[in-house]
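Participant:
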Amino acid sequence: MLYDDGAVLSFGNNEDGQCDVPRQLSGVKGISAGGFHSLALREDGTVAAWGGNIFRQSEVPAIAVSVTSIAAGHWHNLALREDGTVVAWGRDSWGAATVPEGLEGVVAIDAGYEHSLALLKSGTVVAWGSNDKGQCDVPEDLGDVVAISAGAWQGFALRRNGELVAWGEGENGQTSLPERHDIVAVSGGYWHGLALAEGGQVLAWGDDEFRQNDVPSWVAGAEARAVAAGGEHNVVLTNDGRVLAWGRNDHWQTSVPDRSAAHSFVEEPRRQSDAEPPRLPAGSVWGWGSTDDGLLAFVPKLSSAVPVRVPGVDHVSRVVTLQNTVFALRFDGTVLGWGGNDKGQLCDGTRTDRYAPTRIPSLRGITAITRGPMAVSENGAVWSWEDAVDGEPKLVHPGLLGGVVRVEHDDHTDSPRRVRRAFYWCQPAFPTGSLRA
Numbered sequence: 326m327l328y329d330d331g332a333v334l335s336f337g338n339n340e341d342g343q344c345d346v347p348r349q350l351s352g353v354k355g356i357s358a359g360g361f362h363s364l365a366l367r368e369d370g371t372v373a374a375w376g377g378n379i380f381r382q383s384e385v386p387a388i389a390v391s392v393t394s395i396a397a398g399h400w401h402n403l404a405l406r407e408d409g410t411v412v413a414w415g416r417d418s419w420g421a422a423t424v425p426e427g428l429e430g431v432v433a434i435d436a437g438y439e440h441s442l443a444l445l446k447s448g449t450v451v452a453w454g455s456n457d458k459g460q461c462d463v464p465e466d467l468g469d470v471v472a473i474s475a476g477a478w479q480g481f482a483l484r485r486n487g488e489l490v491a492w493g494e495g496e497n498g499q500t501s502l503p504e505r506h507d508i509v510a511v512s513g514g515y516w517h518g519l520a521l522a523e524g525g526q527v528l529a530w531g532d533d534e535f536r537q538n539d540v541p542s543w544v545a546g547a548e549a550r551a552v553a554a555g556g557e558h559n560v561v562l563t564n565d566g567r568v569l570a571w572g573r574n575d576h577w578q579t580s581v582p583d584r585s586a587a588h589s590f591v592e593e594p595r596r597q598s599d600a601e602p603p604r605l606p607a608g609s610v611w612g613w614g615s616t617d618d619g620l621l622a623f624v625p626k627l628s629s630a631v632p633v634r635v636p637g638v639d640h641v642s643r644v645v646t647l648q649n650t651v652f653a654l655r656f657d658g659t660v661l662g663w664g665g666n667d668k669g670q671l672c673d674g675t676r677t678d679r680y681a682p683t684r685i686p687s688l689r690g691i692t693a694i695t696r697g698p699m700a701v702s703e704n705g706a707v708w709s710w711e712d713a714v715d716g717e718p719k720l721v722h723p724g725l726l727g728g729v730v731r732v733e734h735d736d737h738t739d740s741p742r743r744v745r746r747a748f749y750w751c752q753p754a755f756p757t758g759s760l761r762a
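In this note's numbering, the protein residues as written are 326 to 762.
1) If you draw a straight line from the C-alpha of glutamate 504 to the C-alpha of tryptophan 611, how long is it?
2) What does the Cβ neighbour count give for phenylalanine 656, buried or exposed, with the cut at 16 atoms within 10 Å?
3) When burial is assigned at 16 or more other CB atoms within 10 Å of the CB, is tyrosine 328 buried or exposed?
4) Span of the beta strand (DSSP E) holding alanine 404?
5) As a quick exercise: from Ser542, Val645, Ala510 and Asp565, pick the residue whose alpha carbon is nearest that of alanine 554.
6) Taking Cβ positions, are valine 392 and glycine 359 nearer each other than 7 Å?
7) Here's the rule I'm using: 16 or more other beta-carbon atoms within 10 Å means buried, otherwise exposed. How should aspartate 469 be labelled?
8) Indicate the three-state DSSP secondary structure (helix, strand or coil) for tryptophan 419 in the structure shown.
9) Terminal residues of the continuous beta strand (DSSP E) containing alanine 547?
10) If you count every other CB in all the chains shown that lies within 10 Å of the CB of tryptophan 543, and 16 or more means buried, which is it?
11) Taking the straight line between their C-alpha atoms, what separation do you get for arginine 573 and phenylalanine 481?
12) Out of Gly531, Gly513, Tyr680 and Gly487, which one is the CA nearest neighbour of glycine 524?
13) Express the C-alpha separation of alanine 365 and arginine 381 in angstroms, rounding to a whole number.
14) DSSP beta-bridge partners for alanine 681?
15) Considering only their Cβ atoms, is the gap separating glycine 476 from glycine 513 smaller than 7 Å?
16) Compare the C-alpha of alanine 547 against each of His558, Gly556, Phe535 and Gln526 and name the closest.
17) Which residues in the same chain have their Cβ closer than 8 Å to the Cβ of serine 383, if we skip the five residues on either side of it in sequence?
18) At the level of alpha carbons, what is the spacing between isoleucine 508 and leucine 403?
19) Could you pull out every residue in the same chain whose Cβ sits closer than 8 Å to the Cβ of glutamate 429, ignoring the five residues on either side in sequence?
20) Report buried or exposed for serine 598, applying the criterion of at least 16 other Cβ atoms within 10 angstroms of its Cβ.
21) Taking only the alpha-carbon atoms, compute the straight-line gap between isoleucine 388 and leucine 405 and give it to the nearest angstrom.
22) Tell me whether threonine 695 is buried or exposed, calling it buried when 16 or more other Cβ atoms sit within 10 Å of its Cβ.
23) First and last residue of the beta strand (DSSP E) that includes leucine 364?
24) On the criterion of 16 or more Cβ atoms from any shown chain inside 10 Å, does arginine 416 qualify as buried, or is it exposed?
25) Helix, strand or coil for alanine 453? Go by DSSP, reduced to three states.
26) May I ask you to report which of helix, strand or coil DSSP gives tryptophan 710?
27) With respect to the beta strand (DSSP E) encompassing lysine 668, which residues constitute its N-terminal and C-terminal limits?
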């Protein structure tokens, strides 16, 4: 969400840090959410990016300056410059980040899962990238277009007369459009579409697995001024400044937070499950959401729509989650764990879920933890204990890299055996602070 003062608030899945808005970010006039990363456009025409970076989608190129508009796709990005040219970066396996040679006179852009769209000042549309589902087959007679939107594998265009046009995959009805001539905005999701009609009416169509097309009465009764379709959820901005959301909510992407409450956290949590344990200033741990494995501690199958404190846990510097298990690193270098224990990940020699936070005895002098789970000790040794029925974490790295303070695993896997890259962040003695293996 973008506020009038240029501040940004993000919520939902934070698996790759896409909700960790940079603290120094200010003066923002535009935002865009990708698959696992986020973009922001500043008033000075520069672009900021954060979150997942497996395809360098969060590394903004130097030529992305004097930008007037941004669009984040699933793995790639587009930026429209003042001169009407387009800059693209990120995953380019299907050519989505390869801008057609000579493309100019662009007035609007959008990025889908594997394809890109551009609207020219002539009112025509250009598409490039993957075309396996016809998402780049722009109708030959399409013209007089005033707005575009890229669904995951579709394209949407709004004509000046208020009519919608769609092309690409339509197996779930996402290209079966409402027959209206009063549409003023359109937004494409994964398998559904969302539109805003004159008078503030919200329309939705396509896949309805998560009831994303069932516009709630409290949305229908509000006067909307902007709409945005997520993967399988929707967000609406009303004329009175409220943000309303509905649809899929497994990562609480439709649980719109209060701005003041959100800013009370020192750090947004890295989300891995249905319960989100953020870290508060005093080092206490709080959680909310739905859980069958005691992630909220002491109470199995507890669900809470508001934050509740995990009892008996304090002096915590870091919290990570692994599917249905929570691990907390304390300031004294010890590690606590609770929740699911189906793989012995709590290192107690059993596969019994534990609702009370329990110390993992073998881990001492720990300076950093991450999901996997993995930990770094003071001497730089790296430990892993995803499957530890014997109760003992396994030594992954003996500690030959002095000054290691952080380790992460990538590629959205839950097992260190499937790690494709490991990142080691070093002490300030190393200016770049990173080594890649």
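All C-beta atoms in this analysis are idealised placements derived from N, C-alpha and C, irrespective of residue type, glycine included.
Facilitator: Based on what the coordinates show:
1) 48 Å
2) exposed
3) exposed
4) 401–406
5) Among Ser542, Val645, Ala510 and Asp565, the Cα nearest to that of alanine 554 belongs to Ala510.
6) No, Cβ-Cβ distance for valine 392 and glycine 359 is not below 7 Å.
7) exposed
8) Residue state, collapsed to three classes: coil.
9) Careful: alanine 547 lies outside any beta strand (DSSP E) and carries neither H nor E.
10) exposed
11) Straight-line Cα distance between these residues: approximately 22 Å.
12) Gly487
13) Taking C-alpha positions only, arginine 381 is separated from alanine 365 by approximately 16 Å.
14) None; alanine 681 has no bridge partner.
15) yes
16) Gln526
17) Closer than 8 Å at the Cβ level, and outside the excluded window around serine 383, lie His362, Ala374, Trp375, Gly376 and Gly377.
18) 25 Å
19) Cβ neighbours of glutamate 429 beyond the five flanking positions: Asp408, Gly409 and Thr410.
20) Unreliable positioning characterises serine 598 in this predicted model, as indicated by a pLDDT of 41, which lies under 50. A coordinate reading is not provided.
21) 11 Å
22) buried
23) 362–367
24) buried
25) This sequence places tryptophan at residue 453; alanine is not what is there. Reduced to three states, the DSSP call for tryptophan 453 is strand.
26) In the structure shown, the three-state DSSP call for tryptophan 710 is coil.
27) That residue, lysine 668, is in no beta strand (DSSP E); it is neither H nor E in DSSP.
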